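Participant: Numbering (our numbering), first residue to last: -15 to 219.
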Amino acid sequence: MIKRLFQRKKSSLISTQYKLFLKESLGITPRDEKWYLQAITHRSKKKSEENKGDNERLEFLGDALISLVVADYLFSKFPDKDEGYLTQLRAKIVSRNYLNKLAKKLQLDEFIIYQKTKNTYKSLLGNCLEALFGAIMIDQGYEKAKQIFTVKILEKLVDLKQVKAENRDFKSELFMLFQKQNKTVNIDIKENQTTNNAKKFVAVVFMDDKELGIGFGNAKKEAEQEACKNSLTLL
């Protein structure tokens, strides 16, 4: 009894707010807090006695986990779709840009520990999300991590209708349509310089030498896709 009274309570490695976030947003009560602290620590931050690691190794683990969970989810969700369609859809969801958006929706950005500089870390949010699920897998097991990502991320935060719409290949659709109609189609792409010397591309779709749709983008493919999309709306 006396021994218990004088025992020091073990201090928490993570903040109360972060702990509440894990509980309310993901339904997690950490068993080993060090993994969750490491998951939100960027390599730019100086190490301390309490936090000796960064999230790069956990990111590697989480990347593999998320890719597998998304593949399993899409395989069950779309039983009639072929391998090519599922691969493109998965690539969109696990892309760094999309994972950044998911991490932002989850409000994970409020807890990331990193050294603020003039340089922006473009992959910071997405990498942290991967690392967090790497930590969950170590701490809670694969099945639990899979369940949480499926229920809390895929079913709650991922807009599959939007992902499918963005995944459309408008160029292929347009060329197939014209092929059925025995019409000739060409796409002219030009590079323009903006006022701040940035590259901008303009794509114009021609049907039998008649101008149809125009598209703009920071990359050739982006401009091309927009031009084909705009052309389809005019047909």
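The beta-carbon is built from N, C-alpha and C at its ideal position, and this holds for glycine as well.
All values derive from a computational prediction rather than experimental measurement.
If you drop the 5 nearest sequence neighbours on each side, which residues of the same chain put their C-beta closer than 8 Å to that of residue 27?
Facilitator: If we look at residue 27 and ignore the five residues flanking it on each side, its Cβ neighbours are 38, 39 and 40.
Participant: Can you give me the Cβ contacts of residue 214 inside the same chain, cut-off strictly under 7 Å, excluding the 5 residues immediately before and after it?
Facilitator: Here the set comprises 197, 198 and 199.
Participant: Report yes if the C-beta distance between residue 116 and residue 207 is below 8 Å; otherwise report no.
Facilitator: Their beta carbons are not under 8 Å apart, which means residue 116 does not touch residue 207 by this criterion.
Participant: Take the Cβ of residue 77 as the centre, count every other Cβ of all protein chains shown within 10 Å, and call the residue buried at 16 or more, exposed below.
Facilitator: Burial call: buried.
Participant: Since residue 195 and residue 188 should fall inside the 8 Å C-beta cutoff, what is the C-beta to C-beta distance between them, to a whole number of angstroms?
Facilitator: Correct: roughly 6 Å between the Cβ atoms.
Participant: Grouping DSSP H, G and I as helix and E and B as strand, with all else coil, what is residue 114?
Facilitator: In the structure shown, residue 114 sits in a helix (DSSP, three-state: H, G or I).
Participant: I'd like to know if the segment 139 to 149 and the segment 161 to 171 are in contact, where contact means that at least 3 CB-CB pairs between them fall below 8 Å.
Facilitator: At 8 Å Cβ cutoff, the stretches do not touch.
Participant: Ignoring anything shorter than 3 residues, give me the beta strand (DSSP E) runs that lie fully in the segment 125 to 208, in order along the chain.
Facilitator: 169 to 177, 183 to 191 and 194 to 201, all fully within the segment 125 to 208.
Participant: Based on the DSSP secondary-structure assignment, which residues constitute the bridge partners of residue 71?
Facilitator: Bridge partners of residue 71: none, in fact.
Participant: Could you check the C-alpha separation between residue 150 and residue 121 for me, to the nearest Å?
Facilitator: Residue 150 and residue 121: Cα-Cα distance of roughly 30 Å.
Participant: Residues bridged to residue 97 by DSSP?
Facilitator: BP columns for residue 97 point to 25.
Participant: I need the straight-line Cα distance from residue 109 to residue 93, nearest angstrom please.
Facilitator: For residue 109 and residue 93, the distance between alpha carbons rounds to 6 Å.
Participant: I'd like to check one pair, residue 141 with residue 61: are the Cβ atoms closer than 8 Å?
Facilitator: No. Outside cutoff.
Participant: Mind checking whether residue 168 and residue 97 have CB atoms under 8 Å apart?
Facilitator: No; because the gap between Cβ atoms is not below 8 Å, this pair is not in contact.
Participant: When DSSP labels each residue in this structure, what does residue 11 get in the three-state scheme?
Facilitator: Residue 11: coil per DSSP, three-state reduction.
Participant: For the pair the segment 128 to 140 and the segment 8 to 15, tell me if three or more CB-CB distances fall below 8 Å.
Facilitator: The answer is yes - the segment 8 to 15 touches the segment 128 to 140, with three or more Cβ pairs under 8 Å.
Participant: Using the Cα positions of residue 248 and residue 56, report the straight-line distance between them to the nearest angstrom.
Facilitator: Since the first residue shown for the chain is -15 and the last is 219, residue 248 is missing from the structure and cannot be characterised.
Participant: Leaving out five residues before and five after residue 46 in sequence, what residues of the same chain have Cβ atoms less than 6 Å from its Cβ?
Facilitator: Only 114, 115, 117 and 118 meet the Cβ criterion.
Participant: For residue 205, count the other beta carbons within 10 Å of its own beta carbon; 16 or more makes it buried, fewer makes it exposed. Which is it?
Facilitator: So residue 205 ends up on the exposed side.
Participant: Quick test of your reading: residue 212 and residue 154, contact by CB under 8 Å. State the CB separation rounded to the nearest angstrom.
Facilitator: That belief holds up - the Cβ atoms of residue 212 and residue 154 are roughly 4 Å apart, short of 8 Å.
Participant: If I'm right that residue 74 touches residue 54 with Cβ under 8 Å, what's the distance once you round it to whole angstroms?
Facilitator: With 8 Å as the limit, residue 74 and residue 54 qualify as a contact, their Cβ atoms being about 5 Å apart.
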